[in-house]
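*Asks:*
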Amino acid sequence: MSNSTIAAISTAPATGGVAIIRISGPQSLSVAQKIFAPSGKTQVENFSPNYMYPGHILCDGFKDYGLCVFFKAPRSFTGEDVVELHCHGGIQLSRAVLKAALSNGACMATNGEFTKRAFLNGKLSLASAEGMIDMINASGLAEVRAGAMLYAEKLTNEVKAIQAQLKDILAGIAADIDYPEEDVASTDLPDLDRRLDAIGNAIDGMIKGYGTGKKIKSGVTCALCGAPNAGKSSLLNALLGYDKAIVSPLAGTTRDAVEGSIEIDGIVYNLVDTAGLREQADEIEAIGISIAKKAVQSADIILYVCEGEYTPLDGVAEDDPRLIKIYNKCDISPARMEQFDISVSAKTGENLDKLKSLMASKAVGEGGLSGAYVIEQRHYEALCRASMSLKNAASAIGLFPLDIISLDINDAWSALGEITGETANEEIIANVFAKFCVGK
Ligand code: GDP
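Under this note's numbering, the first residue of the sequence shown is numbered 29, with each subsequent residue one higher.
1. Given this structure, state the Cα-to-Cα distance separating Asp88 from Lys69, to the nearest angstrom.
2. Go ahead and label Asp328 buried or exposed: buried means 16 or more other beta carbons lie within 10 angstroms of its beta carbon, across all protein chains shown.
3. Tell me which residues share the same chain as Val187 and place their Cβ nearer than 7 Å to its Cβ, disregarding the 5 neighbours each side in the sequence.
4. Less than 9 Å separating the beta-carbons of Ile164 and Val466?
5. Heavy atom of the ligand GDP less than 8 Å from the Cβ of Ile360, yes or no?
6. By alpha-carbon positions, which one of Lys468, Gly336, Arg103 and His114 ends up nearest to Lys91?
7. According to DSSP, simplified to helix, strand and coil, what is Leu263?
8. Take the Cβ of Lys382 as the centre, count every other Cβ of all protein chains shown within 10 Å, and call the residue buried at 16 or more, exposed below.
9. From Asp439 to Ala374, what does the alpha carbon distance come to, in whole angstroms?
10. For the putative contact between Phe105 and Lys151, defined by C-beta atoms under 8 Å, what is the C-beta separation to the nearest angstrom?
11. Return yes when the Cβ of Gly343 is within less than 9 Å of the Cβ of Lys357, no when it is not.
12. Give me, in chain order, the residues of the same chain whose beta-carbon lies closer than 8 Å to that of Leu386; leave out the 5 immediate sequence neighbours on both sides.
13. Smallest Cα separation from Thr249: which of Thr39, Thr376, Val324 and Ile51?
14. Leaving out five residues before and five after Thr43 in sequence, what residues of the same chain have Cβ atoms less than 7 Å from its Cβ?
15. Taking the beta carbon of Gly133 as the centre, do at least 16 other beta carbons fall within 10 Å, making it buried, or is it exposed?
16. Taking all protein chains shown into account, decide if Ile360 is buried (16 or more other Cβ within 10 angstroms of its Cβ) or exposed.
17. In the DSSP assignment, the beta strand (DSSP E) including Gly45 goes from what residue to what residue?
18. Relative to the ligand GDP, is the shortest distance from any of its heavy atoms to the C-beta of Asn379 smaller than 8 Å?
19. In three-state DSSP terms, what is Thr249?
20. Which residue's Cα is closest to the Cα of Glu378: Ala388, Glu112, Ala189 and Pro362?
21. Is Gly259 a contact residue of the ligand GDP, with contact defined as CB to any heavy atom under 8 Å?
22. Taking C-beta to C-beta, are Ala462 and Gly140 nearer than 9 Å?
23. Using 10 angstroms around the beta-carbon of Lys272, count the other beta-carbons present and answer buried if the total reaches 16, otherwise exposed.
24. Which ranges would you report for the beta strand (DSSP E) in the segment 49 to 119 if only whole runs of at least 3 residues count?
25. Just how far apart, CA to CA, sit Ser246 and Ile205?
26. Which of helix, strand or coil does DSSP assign to Gly395?
27. Would you say the beta carbon of Leu263 comes nearer than 8 Å to a heavy atom of the ligand GDP?
28. Less than 9 Å between CB atoms is the rule here; does Glu158 satisfy it with respect to chain D?
29. Note the first and the last residue of the continuous beta strand (DSSP E) segment covering Asn298.
30. Check whether the segment 211 to 229 and the segment 395 to 407 touch, using three or more Cβ-Cβ pairs below 8 Å as the test.
31. Per the DSSP calculation, Tyr355 is bridged to which residue(s)?
32. Closest by CA to Arg103, which one among Tyr81, Cys135 and Ser52?
33. Who pairs with Ala466 in a beta bridge, going by DSSP?
34. Which residue wins for smallest C-alpha separation from Tyr238, given the options Ser58, Ala400 and Ala421?
35. In angstroms with no decimal places, state the Cα-to-Cα distance between Gly254 and Pro429.
36. Could you tell me the alpha carbon to alpha carbon distance between Leu397 and Arg223, rounded to whole angstroms?
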């Protein structure tokens, strides 16, 4: 694959100051030689790596004035020879530059092919590549931060440290099996149990982090519910109005009932108004209520809006950790606070910041965001499989021979390797890069 030289537009397909056309592969420099006429004396083939050279980019029927930079293998993003051409940022213009590269020896890159080559050349782990795409596709700042942690190999390094411990255990077991009579310390079973338990706990901690990670990635669904006229719509507007300037686009959401989203501490909260549904006319009221109930049941946070006396919310337990009991219209009369979690006024905006903090603490929990980098379902699933295999291994201690136990430990090791990419098969790798855009 990497004998070919690929090219693509790496900047977004929009007009702007500058567009970048990236070329990667052994022929990069020779493609550039044909389509770039340097303004200075240095010819393209003599370009020093990592320096910008000005000149003309020769396209079909015109030339653009721009820059060319050469990154020499292996010190490039892909690990191959890479050339970047920086032209003016027009959609047709950048396409014309790409076309010039394609007619002079490069072939069109597929989705994520640059990053895939980087991965295959050992420039980054699979989890790091995923972190990069998380940063690019993020709908909230928390996802950018989590992606940056993944990109910086935080998860990969932790996983590798765990894998090293597992290898160590496996080596001990192998020595025990291979040389039972020799002077090799035989495996201490209680110690093996303790070690597996400690490793399992570390993995379970990461699995737990996915509770927050998932919300960072997919947003937090908040169902607004309550009796008619309690002030649900007003509260919705008040919440949305606050951060209207940074309301995130609802990429990927399929919920028709989502009224809008707000960002709190970098996490996107999708507000679902069940009110309208409850107040439909008779014939469809039953359907409406059932949809509303489903929205409440599947929500991450339930914003139960009341005015006056508190009445329990149908179908939701009083101690449901997702429930926030909100007394609205506190500008008219004060709440009996033993019945409510918070008292607000959608009209005056009183305590709405406190409500947002309450929503954030419900969604994120005590773990906070700083350690939340298990945001990919793929990583979560691999961690779960690793944890399960270690539990199987631990429960087999004393009951089954060591070689059977080592099979489970090895399964855990390979499940973890899927995260870093070391044991990821073609299908896993293809799925990861399918999420990328062309040019990345
Ligand atoms: P919904 O049926 O639950 O969506 O309730 P609405 O948002 O439509 O509000 C019903 C009525 O209560 C409207 O007349 C609002 O102006 C009023 N209202 C809502 N919130 C407040 C509040 O915090 N204070 C006061 N004084 N009136 C409010």
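Glycine included, C-beta positions come from ideal geometry on N, C-alpha and C.
The model shown is predicted, which means the values in this text are computed figures rather than measured ones.
*Replies:* For this structure:
1. Translated into the one-based positions of the sequence shown, residue 88 becomes position 60. Translated into the one-based positions of the sequence shown, residue 69 becomes position 41. If you take the alpha carbons of Asp88 and Lys69, they lie about 24 Å apart.
2. The count along the sequence shown starts at 1 and reaches residue 328 at position 300. Asp328 is buried by the Cβ-count criterion.
3. Taking the sequence shown and counting its residues from 1, one reaches residue 187 at position 159. The answer, listed in chain order, is Leu444, Ile447 and Thr448.
4. Along the sequence shown, one-based indexing puts residue 164 at 136. Along the sequence shown, one-based indexing puts residue 466 at 438. No.
5. Locating residue 360 in the sequence shown gives position 332, where the first residue counts as 1. Within the cutoff, so yes.
6. To locate residue 91, count along the sequence shown from 1; it is residue 63. For Lys91, the nearest C-alpha among the options comes from His114.
7. The residue you call residue 263 lines up with position 235 of the sequence shown. Secondary structure at Leu263: helix, using DSSP grouped into helix, strand and coil.
8. On the sequence shown, residue 382 is found 354 positions in, with the first residue counted as 1. Label assigned to Lys382: exposed.
9. Locating residue 439 in the sequence shown gives position 411, where the first residue counts as 1. Locating residue 374 in the sequence shown gives position 346, where the first residue counts as 1. Computed Cα separation, rounded: 54 Å.
10. To locate residue 105, count along the sequence shown from 1; it is residue 77. To locate residue 151, count along the sequence shown from 1; it is residue 123. Contact holds; Cβ gap of about 7 Å.
11. Numbered from its first residue, the sequence shown carries residue 357 at position 329. Numbered from its first residue, the sequence shown carries residue 343 at position 315. Not a contact, by the Cβ cut-off of 9 Å.
12. The residue you call residue 386 lines up with position 358 of the sequence shown. Only Ile352, Asp369 and Ile370 meet the Cβ criterion.
13. Residue 249 sits at position 221 when you count from the first residue of the sequence shown. Of Thr39, Thr376, Val324 and Ile51, the smallest CA-CA separation from Thr249 is found for Val324.
14. Against the sequence shown, residue 43 aligns to sequence position 15. Counting only Cβ-Cβ distances below 7 Å, and skipping sequence neighbours, we find Gly117, Gly118 and Ile119.
15. As a working mapping, residue 133 is identified with position 105 in the sequence shown. Counting other Cβ atoms within 10 Å of its Cβ, Gly133 reaches 16 or more and is therefore classed as buried.
16. Looking up residue 360 in the sequence shown gives position 332. Exposed, by the Cβ-count rule.
17. In the sequence shown, counting from the first residue as 1, residue 45 sits at position 17. Per DSSP, the unbroken beta strand (DSSP E) holding Gly45 starts and ends at Gly44 to Ser52.
18. For the purposes of this step, residue 379 is taken as the residue at position 351 of the sequence shown. For Asn379, the Cβ stays outside the 8 Å cut-off from all heavy atoms of the ligand GDP.
19. Your numbering for residue 249 matches position 221 in the sequence shown. Per DSSP, reduced to three states, the secondary structure at Thr249 is strand.
20. For the purposes of this step, residue 378 is identified with residue 350 of the sequence shown, where counting begins at 1. Closest by C-alpha distance to Glu378, out of Ala388, Glu112, Ala189 and Pro362, is Pro362.
21. The residue labelled residue 259 in the question sits at position 231 within the sequence shown. It does: the Cβ of Gly259 is within 8 Å (strictly closer) of some heavy atom of the ligand GDP.
22. Position 434 of the sequence shown, counted from the start, is the residue given in the question as residue 462. Position 112 of the sequence shown, counted from the start, is the residue given in the question as residue 140. Contact flag set, yes.
23. As a working mapping, residue 272 is identified with position 244 in the sequence shown. Because the pLDDT of Lys272 is 35, which lies under 50, any placement of that residue in the model is unreliable, and the number read from its coordinates should be weighed accordingly. Looking at its Cβ environment, which holds fewer than 16 other Cβ atoms inside 10 Å, Lys272 is exposed.
24. Qualifying beta strand (DSSP E) stretches, in chain order: 64 to 66, 80 to 87, 90 to 99 and 110 to 117.
25. Here residue 246 is taken as the residue at index 218 of the sequence shown, counted from 1. Here residue 205 is taken as the residue at index 177 of the sequence shown, counted from 1. When only Cα atoms are considered, Ser246 and Ile205 end up about 47 Å apart.
26. For the purposes of this step, residue 395 is taken as residue 367 along the sequence shown, with counting starting at 1. Reduced to three states, the DSSP call for Gly395 is coil.
27. Along the sequence shown, one-based indexing puts residue 263 at 235. Yes.
28. Absence of chain D from the displayed structure is noted, only one protein chain being present.
29. Here the question's residue 298 lines up with position 270 in the sequence shown. Element bounds for Asn298: Ile295 to Asp301.
30. Under the 8 Å Cβ criterion, the segment 211 to 229 does not count as touching the segment 395 to 407, having fewer than three qualifying pairs.
31. Here the question's residue 355 lines up with position 327 in the sequence shown. Answer is Cys334 and Ser371.
32. As a first step, residue 103 is located in the sequence shown; it is residue number 75 there, counting from the start. Per the C-alpha coordinates, the member of Tyr81, Cys135 and Ser52 positioned closest to Arg103 is Ser52.
33. Walking along the sequence shown from the start, residue 466 turns up at place 438. It is Val, not Ala, that sits at residue 466 in the sequence shown. BP columns for Val466 point to Asn139.
34. Translated into the one-based positions of the sequence shown, residue 238 becomes position 210. Distances from the alpha-carbon of Tyr238 to those of Ser58, Ala400 and Ala421 put Ala400 closest.
35. Sequence index remark: in the sequence shown, residue 254 carries index 226 (1-based). Sequence index remark: in the sequence shown, residue 429 carries index 401 (1-based). As the crow flies, the alpha-carbon of Gly254 is around 60 Å from that of Pro429.
36. Numbered from its first residue, the sequence shown carries residue 397 at position 369. Numbered from its first residue, the sequence shown carries residue 223 at position 195. In a straight line, the C-alpha of Leu397 is about 28 Å away from that of Arg223.
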